[in-house]
Structures are given as structure tokens and as C-alpha cells.
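Participant:
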Amino acid sequence: SQLPGWSVGPDGSLVIATGNDDALGLYRCTPYNSYGTAGESRPTRVLLKDPPAFTVRPKEEYFQEVGRELVIPCAAHGDPPPTITWLKVGSVGKSSAQVDGNSSLILRPLIKEQHGVWECTATNQVASVTTATSVHVLGTSPHAVTNVSVLPLLLAANISWEPGFDGGYFQRFSVWYTPLVRHPPRAHHDWVSLSVPAGAQHLLVQNLQPDTSYQFSVLAQNKLGSGPFSQIVTSVPRGFPVTTVPPEPPAMTVHVFLSPPQALTANETVRGVLLRWEPPARASVALSGYALELRQDKGGWEVLERSIPGTDTQVLVPGLIKDAFYEFRLVAFAGSYISDPSNTVNVSTAGMEVYPSRTQLPELLPQPVLAGVIGGICFLSVAVIFSTTAACIMNRRRAARVRKRRQDPPLVFSP
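In the working numbering, the protein residues as written are 5 to 419.
1) Who are residue 313's beta bridge partners in DSSP?
2) Going straight from the alpha carbon of residue 52 to that of residue 28, what length do you get?
3) Closest by CA to residue 329, which one among 341, 315, 352?
4) Per DSSP, what kind of secondary structure is residue 36 in: helix, strand or coil?
5) Comparing C-alpha positions only, which one of 177, 123, 308 sits nearest to residue 149?
6) Mapping DSSP to helix, strand and coil, what is residue 237?
7) For residue 171, tell me which candidate among 264, 232, 290, 207 has the shortest Cα-Cα distance.
8) For the region 329-355, which segments carrying the alpha helix (DSSP H) assignment without a break, of at least 4 residues, lie completely within its bounds, in sequence order?
9) On a CA-only basis, which of 63, 81, 185, 85 is nearest residue 75? Give me that one, please.
10) Around the Cβ of residue 370, are there at least 16 other Cβ atoms within 10 angstroms (buried) or fewer (exposed)?
11) Just tell me which of 267, 213, 316 has its CA closest to the CA of residue 291.
12) Looking at C-beta atoms only, is the number of pairs between the region 88-97 and the region 121-141 that lie closer than 8 Å three or more?
13) Sort 128, 278, 146, 386 by Cα distance to residue 349 and report the nearest one.
14) Would you list the one or two residues that DSSP bridges to residue 217?
15) Given this structure, state the Cα-to-Cα distance separating residue 324 from residue 197, to the nearest angstrom.
16) Using a Cβ-Cβ cut-off of 8 Å (strictly less than) and excluding sequence neighbours within five positions of residue 182, which residues of its own chain qualify?
17) Flag this pair as yes or no: are the beta carbons of residue 180 and residue 223 separated by less than 8 Å?
18) Apart from the five residues just before and just after residue 285, which ones in its own chain have a Cβ nearer than 7 Å to its Cβ?
19) Considering only residues of the region 80-134, which uninterrupted beta strand (DSSP E) runs meet the minimum length of 3 residues and lie entirely inside it, listed in chain order?
20) Starting from residue 210, trace the beta strand (DSSP E) in both directions and tell me its first and last residue.
21) I need the DSSP call for residue 384, collapsed to helix, strand or coil.
22) Within the same chain, show all residues whose beta-carbon is closer than 6 Å to that of residue 65, passing over the 5 residues directly before and after it, in chain order.
23) Is DSSP giving residue 379 helix, strand or coil here?
24) Taking the CB atoms as reference points, tell me whether residue 114 and residue 168 lie closer together than 8 Å.
25) Taking all protein chains shown into account, do 16 or more other C-beta atoms lie within 10 angstroms of the C-beta of residue 403, making it buried, or fewer, making it exposed?
26) If you compare alpha carbons, which of 88, 393, 96 is closest to residue 106?
27) In the DSSP assignment, what are the bridge partners of residue 175?
28) Mind checking whether the beta-carbon of residue 82 lies closer than 7 Å to any heavy atom of the ligand ATP?
29) Can you name, in chain order, every residue of its own chain whose Cβ lies under 7 Å from the Cβ of residue 11, other than the five neighbours on each side?
30) Out of 280, 208, 73, 308, point me to the one whose CA is closest to residue 157's CA.
31) Using the Cβ count rule (16 or more neighbours within 10 Å means buried), how would you classify residue 162?
32) Answer yes or no: do residue 69 and residue 112 have a C-beta to C-beta separation smaller than 8 Å?
33) Alpha carbon to alpha carbon, what distance is there between residue 80 and residue 134?
34) Considering only the alpha carbon of each residue, which of 300, 302, 335 lies closest to residue 309?
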């Protein structure tokens with residue numbers, strides 16, 4: 005008779021939905037048809053075994069200084085008892101890690117190369133189960149950036165990447181590039197480096213030559229030094245084929261077209277300069293935002309605002325310096341892609357009274373400094389009022405004494 009949860013499949017297999025003590029024992033299968041049977045099969049024994057189950061799991065993340073010891077616990081039980089192994093994800097060859105008698109991972113001394121994801125695996129005859137943890141090694145130089153991509157543009161290229169771990173300190177990036185000459189006159193040629201603004205993960209490299217391939221690489225740096233260079237990606241300006249230099253893999257290029265913002269104009273108001281524009285005429289990807297750039301008196305271009313929403317078509321720029329000449333332009337962003345700059349508009353504040361004569365934008369003044377300036381102005385005003393009042397009182401008293409002296413009769417002395 006069949007027990008609850010037991011059934012026989014179309015091919016004659018016995019299916020036991022839930023294994024328990026009722027399933028233990030010897031089993032024989034007897035095939036038959038209308039002519040009878042040739043006999044039963046040899047017996048098979050059903051045993052119940054437990055798959056591994058973790059009794060102690062490592063935390064999701066561990067942070068430890070380089071050179072110190074890090075112990076990561078991991079334990080499991082099962083029938084038969086499982087074997088515990090540790091492996092660093094992405095490692096090549098045997099790892100330098102040690103495992104103690106309690107199956108805990110011992111990293112001593114902790115080195116930069118042990119940064120990453122580690123997996124603890126429990127295995128027995130029934131199954132294997134795995135859990136993972138991330139190890140962050142602090143106090144090191146940065147790790148190499150990954151997923152470097154180059155978007156060819158007209159005589160330019162947009163470089164983007166994903167940062168690696170910063171080693172526990174603030175990191176900055178620089179983009180290095182060089183032209184790739186077929187027959188160089190010397191053994192090697194110079195590389196040019198460009199600093200990347202803090203917090204950015206892409207950079208537009210301009211003024212590239214046509215019909216010339218360029219190699220690009222990204223370098224990360226923190227207070228302890230430089231990390232390794234990223235992989236080298238080779239590309240040429242837009243309209244030419246993309247090649248790679250062995251043994252580097254082919255560059256991942258996506259044909260994305262993003263035209264610049266249109267019809268940028270500037271209007272002077274009592275609150276500042278109001279800039280208006282039209283969205284890009286053509287964009288093969290969704291627009292994510294704009295960045296506003298300016299330069300003063302023919303100086304270098306600087307980013308004034310990098311987080312203008314993609315749905316906006318105007319922005320107010322207050323607090324410009326009096327008697328100065330400004331130029332503004334706009335670029336559009338779509339994910340990690342950046343358009344060419346829009347047309348440039350010029351603004352002169354010469355002779356305008358609506359702009360304060362100062363060297364800093366009001367919104368850039370720290371709150372304590374602004375409070376101190378306001379307090380000083382208030383104190384100076386009170387002092388002027390007090391001095392004026394005191395002078396008026398003293399003048400009135402002096403005038404009263406003069407009038408009294410004139411009214412008193414003169415004193416006569418007789419000989």
C-alpha cells in the first residue's frame with residue numbers, strides 16, 4: 005500500500021515526496037504485463053542523509069587594516085559531516101589563506117591582494133552549500149578601475165569607467181592617452197595625463213587628431229600612492245573603425261548619438277542671469293541631465309552646475325562679479341555619455357548695479373562667515389547710532405550752559 009506523498013510515475017519510478025523514517029528499508033521492483041513477469045529486480049536500500057546546513061555564517065562584510073590578522077568564522081553540520089573549504093572569487097591558482105580547526109578562515113598577515121569576495125563551501129555526499137562575504141583591506145593604495153570604455157566622438161573621445169576599492173582613503177582619477185603610431189621613430193612615445201574632477205567617473209578628451217588611433221588608460225591615486233593602471237583601450241575619432249592592440253580584448257563600443265543642447269540664450273534679470281535652451285535635437289538614448297560650464301575673462305572652463313535635471317530648459321545664475329566678462333555653455337548627459345558643448349553665450353557685468361562687487365558667489369560663503377559679516381554690520385550700525393546720539397546730547401548741554409551764562413548778571417567788584 006502507498007503512504008501519503010508516495011506515487012508511481014509513468015515510467016514505473018517510485019516518487020517519495022517527503023523523505024522520513026517510513027522511507028527507510030529495502031526495495032524491489034517487479035515489472036509485468038499480460039504475459040506475466042520475468043521476476044523482481046535486485047534489492048536496493050534507501051538511507052536518509054542530511055545535506056549540509058550552516059550553523060555559523062560569516063558576516064556580509066569585514067573591514068581590517070593591512071598587515072593585521074583577520075579571522076572569519078564558518079561552520080556547518082550534516083550527515084555525513086561536511087567538509088569546509090574557502091576560496092577567493094576570481095583568484096587564479098591556490099590561495100594563500102589558512103583554515104583553522106574550527107573551519108574559520110585565517111588571513112595573517114592581511115595583504116592587499118586578499119581584498120575581495122570569499123566563499124565558504126560545505127560539502128558532503130548529499131549536497132554542497134555556499135555562503136559568501138566581502139573582505140575590505142584598509143590602508144592601501146587604490147585598486148585598478150574596471151570596465152573602461154571609450155565612446156568615439158568627432159575629434160574627441162568620452163572615457164568612462166567603474167572605480168575600484170579606494171583602500172580606505174579618498175581617491176582621484178587621471179586619464180592617460182597617447183597616439184598609436186605604426187612606425188614610431190623611437191622605442192616608446194610620451195603619454196599625456198588629464199586630471200578628472202573629484203567625484204566624476206568619465207572624462208571628455210578633446211582636440212584629438214583624425215586618422216590616428218589612440219590608447220587610453222585610467223589611473224587611481226590616494227594619499228598612499230597610485231594603484232595599477234587599468235587595461236589599455238584603443239580607439240579612434242568617430243567615423244573610423246575601432247581596433248585593439250593584442251593581447252588586450254576588443255574595446256566595447258556602443259554607437260550612441262547625442263547632439264548638444266540647442267539655442268542657448270542669456271537674459272539679465274534683477275536676480276541674476278537667466279539661461280534658456282532647447283533640448284538636443286537627436287538622442288539615441290534617454291537624456292539624464294545637463295552640466296553648465298563657465299569661464300571668466302577668457303580663463304579656463306569650469307563646471308558651475310553638474311546636476312541640472314534633463315527635464316529643465318532654463319537655469320538662473322545669481323551672484324556674478326561686477327565689472328567682469330563671462331562665457332557660458334551647456335553639455336547634455338545620457339547615462340555615461342556626454343554630448344559636445346552647445347553654443348557659447350557671453351555676459352558682461354560692466355556698470356551693472358544688480359550684481360554685488362565681490363569675489364565670491366553668495367551661495368559659496370560658509371554660514372559662520374556670513375553670520376560674522378552680518379553681525380559686524382549690525383555692530384557697526386549700532387556704534388554709529390550711539391556716537392551720533394552722544395554727540396547730539398553733548399551739543400545740547402553745551403548750548404544750555406552758554407545760554408545760562410549770558411542770562412546771569414555780571415559780577416561787579418568795588419575797590
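We treat Cβ as the ideally placed atom computed from N, Cα and C, and that holds for glycine.
Facilitator: Inspection of the coordinates gives the following:
1) Position 309 of the sequence shown holds residue 313. 293.
2) Within the sequence shown, numbered from 1, the residue matching residue 52 stands at position 48. Within the sequence shown, numbered from 1, the residue matching residue 28 stands at position 24. Straight-line Cα distance between these residues: approximately 7 Å.
3) The count along the sequence shown starts at 1 and reaches residue 329 at position 325. If we check each option's Cα against that of residue 329, 352 comes out closest.
4) Stepping through the sequence shown from its first residue, residue 36 is reached at position 32. If DSSP states are grouped into helix, strand and coil, residue 36 belongs with coil.
5) What you label residue 149 is simply residue 145 of the sequence shown in a count that begins at 1. Selected option, being the one with the closest Cα: 177.
6) Position 233 of the sequence shown, counted from the first residue, corresponds to residue 237. It is a strand residue.
7) Along the sequence shown, one-based indexing puts residue 171 at 167. The option with the nearest alpha carbon to residue 171 is 232.
8) Qualifying alpha helix (DSSP H) stretches: none in this window.
9) Locating residue 75 in the sequence shown gives position 71, counting from the first residue. Nearest C-alpha to residue 75: 63.
10) The residue labelled residue 370 in the question sits at position 366 within the sequence shown. The predicted model places residue 370 with a pLDDT of 47, which falls under 50 and marks its position as unreliable, so this point remains unresolved.
11) Locating residue 291 in the sequence shown gives position 287, counting from the first residue. Looking only at 267, 213, 316, the smallest Cα-Cα distance to residue 291 is reached by 316.
12) yes
13) For the purposes of this step, residue 349 is taken as the residue at position 345 of the sequence shown. Of the listed residues, the one whose Cα sits closest to residue 349 is 278.
14) Start at 1 with the first residue of the sequence shown, and residue 217 comes out as number 213. Looking at the DSSP assignment, residue 217 forms a beta bridge with 184.
15) Residue mapping note: residue 324 aligns to position 320 of the sequence shown, counting from 1. Residue mapping note: residue 197 aligns to position 193 of the sequence shown, counting from 1. Approximately 32 Å between the Cα atoms of the pair.
16) Numbered from 1 along the sequence shown, position 178 holds the residue referred to as residue 182. Only 193, 194, 195, 196, 218, 219 meet the Cβ criterion.
17) For this step, residue 180 is matched to residue 176 along the sequence shown. For this step, residue 223 is matched to residue 219 along the sequence shown. Yes; because the gap between Cβ atoms is below 8 Å, this pair is in contact.
18) On the sequence shown, position 281 is the one that residue 285 refers to. The answer, listed in chain order, is 263, 266.
19) 87-92, 109-111, 120-127
20) Indexing the sequence shown from 1 puts residue 210 at position 206. That residue, residue 210, is in no beta strand (DSSP E); it is neither H nor E in DSSP.
21) Position 380 of the sequence shown holds residue 384. If DSSP states are grouped into helix, strand and coil, residue 384 belongs with the helices.
22) For the purposes of this step, residue 65 is taken as the residue at position 61 of the sequence shown. Contacts found: 138.
23) Against the sequence shown, residue 379 aligns to sequence position 375. Residue state, collapsed to three classes: helix.
24) On the sequence shown, residue 114 is found 110 positions in, with the first residue counted as 1. On the sequence shown, residue 168 is found 164 positions in, with the first residue counted as 1. At a Cβ-Cβ threshold of 8 Å, residue 114 and residue 168 do not count as neighbours.
25) For the purposes of this step, residue 403 is taken as the residue at position 399 of the sequence shown. Its Cβ having fewer than 16 others within 10 Å, residue 403 is exposed.
26) Along the sequence shown, read from residue 1 onward, the residue named residue 106 stands at position 102. Looking at the Cα atoms, 88 is the closest of the given residues.
27) For the purposes of this step, residue 175 is identified with residue 171 of the sequence shown, where counting begins at 1. Note: residue 175 sits in no beta bridge, so no partner.
28) This structure lacks the ligand ATP, and indeed carries no ligand of any kind.
29) In the sequence shown, counting from the first residue as 1, residue 11 sits at position 7. Closer than 7 Å at Cβ, skipping near neighbours: 19.
30) For this step, residue 157 is matched to residue 153 along the sequence shown. Taking only the C-alpha atoms, the option nearest residue 157 is 208.
31) As a first step, residue 162 is located in the sequence shown; it is residue number 158 there, counting from the start. Flag for residue 162 reads buried.
32) The residue you call residue 69 lines up with position 65 of the sequence shown. The residue you call residue 112 lines up with position 108 of the sequence shown. No. Outside cutoff.
33) For the purposes of this step, residue 134 is taken as the residue at position 130 of the sequence shown. For the purposes of this step, residue 80 is taken as the residue at position 76 of the sequence shown. C-alpha separation (whole angstroms): 10 Å.
34) If you number the sequence shown from 1, residue 309 lands on position 305. Among 300, 302, 335, the Cα nearest to that of residue 309 belongs to 335.
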